[in-house]
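S.K.: Residue numbers (our numbering), protein chains in the order written: chain A, 521 to 906; chain B, 94 to 699.
Even for Gly, the Cβ is constructed at its ideal location relative to N, Cα and C.
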Amino acid sequence: MISRRGLFVAAAGAGATAVLASCGRLSGEQTTAAAAPAEGPIFFGVSAPLSGSSAEYGKIWRTGFDLALDEINGAGGVKGRKVELLWEDTQSDQKQSVPVAQKFAGDSRVLAELGDFASPASMAASPVYEKAHLVQFGFTNSHPDFTKGGEYMWSTSTTQQDHAPELAELANSLGKKHAVYYINTDWGKTTWKLYEEHAKKAGFQIVHSEAVQADGADFRPSLIKGRDAGADVLVFIAYYQAAALLTQQAKNVGLTQTKIALPSSAYSPQYLALGGEATEGAQVIVRFHPGDPRPEVRDFVKKYQDRYGKQPDDFGAGAYDALKILAWAVGQSDGTREGVRKALAEGKDIPSLLYGPFAFREDRRVKVPPSTRLVVKGGAFTLVGA
Amino acid sequence: MLDTALAGLVNGSSYALLALGLSLIFGVANVINFAHASVFAVGAMSGWWFAVDLGWPLWAVVLGVAVVTGLLGLVINVVAVTPLAKAPPIAALLSTFAVSVVVDNGAQLVFGPETRRFPALLATDNLGLGGLRFGTLDVTILVVAVGLMLLLGWFLRSSRYGRAIRAVAQDRDAAAQMGIPLARVQNLAFVVASVLGGVAGVLGGMYLNNISPTVGSTVGMSAFAAATLGGLGSLPGAVAGGLLLGVVEAFGVSWWGGNARTLITFAVLLIVLWVRPSGLFGKRAPLAAEPMTGTFFGAARTIQLRPWQVAVAAVAAYVVPAVALDDYTVQIGVQVVVYAILALSLTLVSGQAGQISLGQAAPLAIGAYTSALLTTSTGLDFWLSLPIAGVVAAVLSVVLVSPSWRLRGHYVSIATLATGLLVAAAAVNFDWLTNGPSGVAAIPPPTLFGAPVSAPLAVYFLDLTILLVVLLLVVRLRRSTLGRIWSAVREDEVAARSSGIAVADYKSLAFGIGGFVAGIGGALFAQQYSYIDPSVFGISVSLLALTIVVLGGLNSPLGAVVGAIVLVGLPEALRMLQETRMLAYGVLLLAVVLLRPQGLMGKVAR
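1) Taking the straight line between their C-alpha atoms, what separation do you get for Ala764 of chain A and Gly736 of chain A?
2) Relative to chain B, which residues along the segment 698 to 724 of chain A have a C-beta separation below 8 Å, given in chain order?
3) For the alpha helix (DSSP H) that contains Ala68 of chain B, what are its first and last residues?
4) If contact is defined by three or more beta carbon pairs under 8 Å, each pair taking one atom from either stretch, is the segment 165 to 175 of chain B in contact with the segment 190 to 199 of chain B?
5) So, is the C-beta of Gln453 of chain B closer than 8 Å to a C-beta in chain A?
6) If you run the structure through DSSP and keep just helix, strand and coil, what is Ile592 of chain A?
7) From which residue to which residue does the beta strand (DSSP E) around Thr892 of chain A run?
8) Count the other CB atoms, across all protein chains shown, that sit within 10 Å of the CB of Ala698 of chain B; report buried if there are 16 or more and exposed otherwise.
9) Using 10 angstroms around the beta-carbon of Val368 of chain B, count the other beta-carbons present and answer buried if the total reaches 16, otherwise exposed.
10) Which chain B residues are close to Arg545 of chain A, counting only those with a beta carbon under 9 Å from its beta carbon?
11) Could you tell me whether the Cβ of Gly905 of chain A comes closer than 8 Å to any Cβ of chain B?
12) Cβ closer than 9 Å: which chain A residues qualify as neighbours of Ala301 of chain B?
13) For Gly605 of chain B and Ala842 of chain A, I'd like the C-alpha separation in whole angstroms.
14) Per DSSP, which residues does Trp674 of chain A bridge with? Please list them.
15) Which residues, in chain order, does the segment 607 to 631 of chain B contribute to contact with chain A at a C-beta distance below 7 Å?
16) Would the beta-carbon of Val654 of chain B fall within 8 Å of that of Leu557 of chain B?
17) At 3 residues or longer, what runs of the beta strand (DSSP E) sit wholly inside the segment 146 to 213 of chain B?
18) What would DSSP say about Asn303 of chain B, mapped onto helix, strand or coil?
19) Between Gly532 of chain B and chain A, is the shortest Cβ-Cβ distance under 8 Å, so that the two count as touching?
20) I want to see whether chain A comes within less than 8 Å of Pro539 of chain B, judged by CB atoms only; does it?
21) Which runs of the alpha helix (DSSP H), 4 residues or longer, sit entirely within the segment 495 to 545 of chain B?
22) Apart from the five residues just before and just after Leu380 of chain B, which ones in its own chain have a Cβ nearer than 8 Å to its Cβ?
23) Taking the continuous alpha helix (DSSP H) assigned at Phe808 of chain A, which residues delimit it?
24) Quick check: the segment 329 to 339 of chain B against the segment 463 to 478 of chain B, are at least 3 beta-carbon pairs closer than 8 Å?
25) Give a yes or no on whether the C-beta atoms belonging to Leu102 of chain B and Val340 of chain B are separated by under 8 Å.
26) Just to confirm my understanding: we take Thr856 of chain A, look at its own chain, exclude 5 residues before and 5 after, and list those with CB closer than 8 Å. What are they?
27) DSSP has Glu608 of chain A in a bridge; who is on the other side?
28) Please go through the same chain and pick out, in chain order, the residues whose beta-carbon is closer than 7 Å to the beta-carbon of Thr705 of chain A, but skip the five residues on each side of it.
29) Going by beta-carbon coordinates alone, are Gln614 of chain A and Ser574 of chain A separated by less than 8 Å?
30) If we cut at 8 Å on Cβ distances, does Ile536 of chain B have a partner in chain A?
31) Does Tyr254 of chain B come out as helix, strand or coil in the three-state DSSP assignment?
32) Can you give me the start and stop residues for the alpha helix (DSSP H) that Lys651 of chain A sits inside?
33) Taking the alpha-carbon positions, what's the Gly529 of chain B to Pro640 of chain A distance?
34) Using beta-carbon positions only, say whether Leu241 of chain B and Leu110 of chain B come within less than 8 Å of one another.
35) Between B:Asp197, B:Leu515 and B:Leu363, which lies nearest to Ser139 of chain B when the distance is taken from Cα to Cα?
36) Tell me which residues of the segment 333 to 353 of chain B have at least one Cβ-Cβ distance to chain A shorter than 7 Å, keeping chain order.
Structure follows, in structure tokens:
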């Protein structure tokens, strides 16, 4: 029988040994993974919600990614190597996105990472990617601070700084008394703050504003407030599910003549399917729309429709574009993680479905062209004025 | 005014329908059925399938859904509840939780994760009152809720089986002695309740317009609150609770905004429990039939490790990750350690003092926010923020749970559940303090000997050391006089009180010390992610913590560690399953609860 003191000494000794044995891994310095293999497939990690309440976005990503993979590998891959994705389910929860980041960081085959879906899940994982010198391509992360996480955080998403003022302008063109409902997430709140800022500067009149629960089901009591405040335009800063619910329930509380203005996150065939007739006349600003006459867009829309039997939305097109950009970057690089970052930083005419040839700005975002306005007409999104 | 009240009333009737089923099951089986909300979702999804894909008319849809959800209810009872009849209620609670994980994720695989439109099979805006448009549908929902309550009341009062159900609800043993077939009656109760849940799913689906396989969780928590509000086991209470909650929520939202809904729901619940500990319509039982954890310890003894075994394990915990594991696995190890600390706080509260807490995420969140806010906004050193986090969590835990000292059995669990949700909702709503949904970012890593502790292995060593200290503390406490007093409170509250023990004070102390430990865990949690927001501290964290201690063996501190390794490690080990990962996790969880209701580290005395 060992005495208690003996136990303590043994434990302390073991602790010290362990500390000494692992000195290199204890410092907060860069953790360099082994060099990437020069042969075999090229791997990208995908940190995405495949289960849980955001799972449907992971599913939409898959449609875009699969289409891009077929194109890339069908054309002989990148430098003759096939491209493959390593999917990891995080439920878009930062408790899971961090270990996943650690997993990708330690896997020397992974040349870059795509995701996560929600900005908080991405931003919690950013320090890990930064340390591993691994590009984190958060193509849906519109949070202004996402790319400030470090040199390895890149995004093709519009930021709310660009988007919110455009939304306010759209709303003001539809009515003079704004009632703004925003989902109470980091994204919703940030967009609302920027919206309010712009509205103040421009002298727009906001008669009611309210945060609503993102997964809420019954918005009637909130909408009644907007109705009683005399709103003539409703702004729903929300993803398409909540936006569709709000649109329907607005009619239910008697807001039948009121105009509706939406951000691009509500732009989806799903919005029309979920909202039904109530969506008629709603207007939305988008960066991508399937009616765009550019040949690459027409080609993509046709392929997408043939394969999935529906029109691509912002998330599907964004996923497709993101993977193609990363594949392009690997093609330009020396096949290392650092090379991918350099290719993104130095690329002048990066081919892109969303923006045409573009270059990243200093802040690792895209200078986004002014958005397009669409209106729901006869149950479909059509260009305003068309 | 009038339209707000009406909107609340209609919304409240879907709570009422769900609460009816919950109350019925509680009355008969003495189980809080966590899977009930999933039954609602299955009702909604299968209703959608019948109506849209198969094009059935409304009556056929309702009939089809009744068959599907009735069968589901039967399966839930046979698979997850009946086998645990002799186990303490806590085991059945966890097994229904496991079932809900299985059903939710199963539905997501079968139907796909998309949100979809539920066809309005009844008119939704053909009537009007005070500017609010409503329709046949809204009236139908209201009438159906009240009608089903009356029908159920008649069935229970007048029919043979109804009387049998009531007899079982009053006294299982006596009913069995009178020759009532317990198994059949309980099956019947589950079928009836689940059919109600399924019908609620169809009506709710039409009312909400949009549904998804996870729709149950949104409505489910409010239904729990409604059932408890009315008094668990009381049918008029369930309906009154549902309608009341609907109306209060509607006015609350109207006054404080839509994001305050959760805050309102659970604040109302706690206040009602404070004034009326058995709910509005519940009868106060003269004595709780049986403590939540009671028979557990009579039957199970914990497996004791010898000191050298503990020493070897501790040494291995330091050495193995350092020499043999990569950073990813070490990162998982960090999570295991933090959850183990959280679980140890429950070993005290639930294992030692017998107070089942479904809200231990609350002190974790309080500790995390305290440390995060102090280190980011005042620049306080992490090491100073650590004890402060513990103390703040301890104090707030005692204050928040204090209204529940008069509560017994399941009401304690529901009150703590409410506390957990309330704290998360407060973190969302109190922007000025917590930064709301944006959370607290850039939390600096602690420094030790001038170097930042941020690499996974360094964080692991730090957290592991604190875990060992906590472990020692818990073991010491259990063997102390205080530990024995807690055991006395747990085993027999009346006897303890008769022997002059100030029961409420000792319960407070358990929540206080437990809160301190969880608060320390929270501080480590915040530093580990360098970013926290309210969504991190959801109900799933509380349930996971409780599952860990029950799985590990409620009364075994080492069990908390073993449970954390298994339950935090499992979802990671299942990663290759991709979309089916959480389904497999649910199935394994269910299997473990069924096979070892006494816990991994408990053994049954023969």
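M.R.: Taking the definition as stated:
1) Numbered from its first residue, the first sequence carries residue 764 of chain A at position 244. Numbered from its first residue, the first sequence carries residue 736 of chain A at position 216. When rounded, the distance between both Cα atoms is 12 Å.
2) Tyr701, Asn704, Thr705, Asp706, Gly708, Lys709 and Thr710
3) Past the boundaries of the shown model lies residue 68 of chain B; chain B is included only from 94 to 699, so the question cannot be answered.
4) yes
5) Counting from 1 along the second sequence, the entry for residue 453 of chain B is found at position 360. Output row for Gln453 of chain B: interface = no.
6) Along the first sequence, one-based indexing puts residue 592 of chain A at 72. Reduced to three states, the DSSP call for Ile592 of chain A is helix.
7) In the first sequence, counting from the first residue as 1, residue 892 of chain A sits at position 372. Here the beta strand (DSSP E) through Thr892 of chain A covers Thr892 to Lys897.
8) In the second sequence, the residue the question calls residue 698 of chain B occupies position 605. At Ala698 of chain B the pLDDT is 45, less than 50, meaning the model places this residue with poor confidence and gives no usable figure here.
9) The count along the second sequence starts at 1 and reaches residue 368 of chain B at position 275. With fewer than 16 Cβ atoms within 10 Å of its Cβ, Val368 of chain B is classed as exposed.
10) Locating residue 545 of chain A in the first sequence gives position 25, counting from the first residue. Chain B residues near Arg545 of chain A: Ala415, Asp420, Val423, Ala548, Pro549, Leu550 and Ala551.
11) Stepping through the first sequence from its first residue, residue 905 of chain A is reached at position 385. No, because no Cβ of chain B sits closer than 8 Å to the Cβ of Gly905 of chain A.
12) In the second sequence, residue 301 of chain B corresponds to position 208, counting from 1. Here residue 301 of chain B turns out to be Leu, not Ala, going by the sequence shown. The answer, in chain order, is Ala737, Asp738 and Leu765.
13) Start at 1 with the first residue of the second sequence, and residue 605 of chain B comes out as number 512. Start at 1 with the first residue of the first sequence, and residue 842 of chain A comes out as number 322. Roughly 50 Å separates the two Cα atoms.
14) Translated into the one-based positions of the first sequence, residue 674 of chain A becomes position 154. Paired residue(s): A:Phe657.
15) Tyr622, Ser623, Tyr624, Asp626 and Val629
16) Indexing the second sequence from 1 puts residue 654 of chain B at position 561. Indexing the second sequence from 1 puts residue 557 of chain B at position 464. No. Outside cutoff.
17) none
18) Locating residue 303 of chain B in the second sequence gives position 210, counting from the first residue. DSSP places Asn303 of chain B in strand when its eight states are reduced to three.
19) What you label residue 532 of chain B is simply residue 439 of the second sequence in a count that begins at 1. True, the Cβ-Cβ gap to chain A drops below 8 Å.
20) Translated into positions along the second sequence, residue 539 of chain B becomes position 446. Judged by the 8 Å Cβ criterion, Pro539 of chain B is not in contact with chain A.
21) 503 to 522 and 524 to 527
22) In the second sequence, counting from the first residue as 1, residue 380 of chain B sits at position 287. For Leu380 of chain B, the pLDDT reaches just 46, beneath the cut-off of 50, and the residue's location in the model is therefore unreliable, although a value from the coordinates is still provided. Correct list, in chain order: Val587.
23) Stepping through the first sequence from its first residue, residue 808 of chain A is reached at position 288. Looking at the DSSP string, Phe808 of chain A is not in any alpha helix (DSSP H), and its letter there is neither H nor E.
24) no
25) Along the second sequence, read from residue 1 onward, the residue named residue 102 of chain B stands at position 9. Along the second sequence, read from residue 1 onward, the residue named residue 340 of chain B stands at position 247. Closer than 8 Å, so yes.
26) Locating residue 856 of chain A in the first sequence gives position 336, counting from the first residue. The residues are Ala555, Ala556 and Leu631.
27) Sequence index remark: in the first sequence, residue 608 of chain A carries index 88 (1-based). In DSSP, Glu608 of chain A forms a bridge with A:Ser567.
28) Within the first sequence, residue 705 of chain A is the residue found at index 185, counting from 1. Result list for Thr705 of chain A: Ala734, in chain order.
29) For the purposes of this step, residue 614 of chain A is taken as residue 94 along the first sequence, with counting starting at 1. For the purposes of this step, residue 574 of chain A is taken as residue 54 along the first sequence, with counting starting at 1. Not a contact, by the Cβ cut-off of 8 Å.
30) The sequence position of residue 536 of chain B within the second sequence is 443, counting from 1. Output row for Ile536 of chain B: interface = no.
31) Taking the first residue of the second sequence as position 1, residue 254 of chain B is located at position 161. Tyr254 of chain B: helix per DSSP, three-state reduction.
32) The sequence position of residue 651 of chain A within the first sequence is 131, counting from 1. Taken as a continuous stretch (DSSP letters only), the alpha helix (DSSP H) holding Lys651 of chain A covers Ser639 to Lys651.
33) Taking the second sequence and counting its residues from 1, the one referred to as residue 529 of chain B is at position 436. Taking the first sequence and counting its residues from 1, the one referred to as residue 640 of chain A is at position 120. Distance between the alpha carbons of Gly529 of chain B and Pro640 of chain A is about 13 Å.
34) Taking the first residue of the second sequence as 1, we reach residue 241 of chain B at position 148. Taking the first residue of the second sequence as 1, we reach residue 110 of chain B at position 17. In contact: Leu241 of chain B and Leu110 of chain B (Cβ atoms closer than 8 Å).
35) Taking the second sequence and counting its residues from 1, the one referred to as residue 139 of chain B is at position 46. For the residues B:Asp197, B:Leu515 and B:Leu363, the minimum Cα distance to Ser139 of chain B belongs to B:Asp197.
36) Ala343, Val346, Ser347, Gly350, Gly351 and Asn352
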